[in-house]
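Residue numbers (this note's numbering): 39 to 278.
No residue lacks a Cβ here, since even glycine has one placed at the ideal position from N, Cα and C.
A short write-up of the structure that comes next.
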Ligand code: GLP
């Protein structure tokens with residue numbers, strides 16, 4: 039049975055707290071959880087809550103394993119706009135997770151195809167993702183799965199759309215500095231996650247969220263595939 043739960047958060051803090059509570063419950067119930075994690079501005083508050091609760095001693099990440107959705111092609115782990123840097127800075131260095139248990143695609147791997155297939159292999163060897171946290175881009179992308187003619191299944195290298203480059207240029211000096219490609223987890227690992235939590239913040243995401251949740255399921259709106267997931271929770275603030 040398909041089951042979509044939609045929670046209207048009262049504000050950004052409420053959205054972050056609710057998402058963090060679901061992740062905490064997952065980790066408490068299964069300390070060996072495999073978490074799929076997202077970047078972007080939306081989950082920052084969620085990560086801040088997890089850090090707070092871990093430091094209070096209420097959460098233990100010592101046996102948790104994580105896989106991030108994506109990484110820009112060409113950015114090293116030290117690059118401040120890279121997603122490995124973002125994760126280290128906003129979460130991993132502030133909780134008791136083992137660094138070797140955290141995975142972010144290597145944006146500077148020499149052999150991208152091998153990097154992508156190893157990423158999928160590692161996830162499937164662990165039995166898949168227990169809980170996947172997602173954000174959504176203005177064009178409906180999840181991870182960096184951009185609007186396309188078909189849903190791409192595996193981890194792959196993708197050309198970013200002009201819209202994504204423009205949207206993400208706020209984190210760079212200018213749009214020219216935004217990498218044109220990224221490595222992203224494909225739809226298979228995302229959809230095979232046992233639970234998915236989608237966090238959405240802001241009026242500017244209202245139109246795309248509506249299309250994704252209630253419009254036709256199409257690779258032109260990548261997030262629309264989530265309608266087919268059996269355990270999806272959407273936590274939205276100002277976007278419903
Ligand atoms: C990037 C990430 C996505 C994220 C999206 C939205 O493109 N690859 O995983 O969901 O940005 O970001 P924000 O939350 O800042 O709107």
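Between residue 85 and residue 188, what straight-line distance do the alpha-carbon atoms span, to the nearest angstrom? When only Cα atoms are considered, residue 85 and residue 188 end up about 32 Å apart.
Residue 171 lies in the beta strand (DSSP E); which residues open and close that run? First-last of the beta strand (DSSP E) with residue 171: 169 to 172.
Taking 8 Å as the limit between beta carbons, can you name the residues of its chain near residue 43, skipping five residues before and five after? Only 270, 271 and 272 meet the Cβ criterion.
Measure the Cβ-Cβ separation of residue 241 and residue 277 and say whether it is below 8 Å. Taking 8 Å as the cut-off, the Cβ atoms of residue 241 and residue 277 count as close.
Are there any heavy atoms of ligand 1 lying less than 7 Å away from the beta-carbon of residue 107, as far as the coordinates show? Residue 107 Cβ: within cutoff of ligand 1.
Cut-off 6 Å between Cβ atoms - residues of its own chain near residue 193, not counting five sequence neighbours on either side: Within the same chain, 154, 157, 158, 223 and 224 come within 6 Å of residue 193 by CB-CB distance, once the 5 residues on both sides are set aside.
DSSP three-state call for residue 219: helix, strand or coil? In this structure, residue 219 counts as strand in the three-state DSSP scheme.
Endpoints, beta strand (DSSP E) assigned at residue 234: Run containing residue 234: 233 to 239, per the beta strand (DSSP E) assignment.
Can you tell me whether residue 108 is buried or exposed? The criterion is at least 16 other CB atoms within 10 Å of its CB, across all chains shown. Here residue 108 is buried: its Cβ has 16 or more other Cβ atoms, across all protein chains shown, within 10 Å.
Mapping the DSSP letters down to three states, classify residue 84 as helix, strand or coil. Looking at residue 84 - three-state DSSP - the assignment turns out to be helix.
Consider the C-beta atom of residue 76 and the heavy atoms of ligand 1; say whether any pair is separated by less than 7 Å. Residue 76 Cβ: within cutoff of ligand 1.
Distance, Cα to Cα, residue 55 vs residue 61? Cα to Cα, residue 55 sits roughly 10 Å from residue 61.
Give a single yes or no on whether residue 224 has its beta carbon closer than 7 Å to a heavy atom of ligand 1. Taken from the Cβ of residue 224, every heavy atom of ligand 1 lies 7 Å or farther away.
Identify which residue in 99, 121, 41 and 136 has its Cα closest to the Cα of residue 216. Measuring from the Cα of residue 216, the nearest candidate turns out to be 121.
Whether residue 132 touches residue 89 by CB criterion (8 Å): It is a contact, given that the beta carbons lie within the stated cut-off.
DSSP three-state label for residue 139, please. Reduced to three states, the DSSP call for residue 139 is helix.
I need the straight-line Cα distance from residue 184 to residue 197, nearest angstrom please. In this model, residue 184 and residue 197 are separated by some 8 Å (Cα to Cα).
For residue 204 and residue 220, what's the separation of their Cα atoms in angstroms? Their backbone Cα atoms lie some 15 Å apart in a straight line.
Since residue 272 sits in a beta bridge, which residues does DSSP pair it with? Answer by DSSP bridge pairing, in chain order: 44 and 236.
Have a look at 243, 201, 262 and 257 and flag the residue whose alpha-carbon is nearest the alpha-carbon of residue 80. For the residues 243, 201, 262 and 257, the minimum Cα distance to residue 80 belongs to 243.
Can we count residue 174 as close to ligand 1, meaning its CB is less than 7 Å from some heavy atom? Result yes, Cβ under 7 Å from ligand 1.
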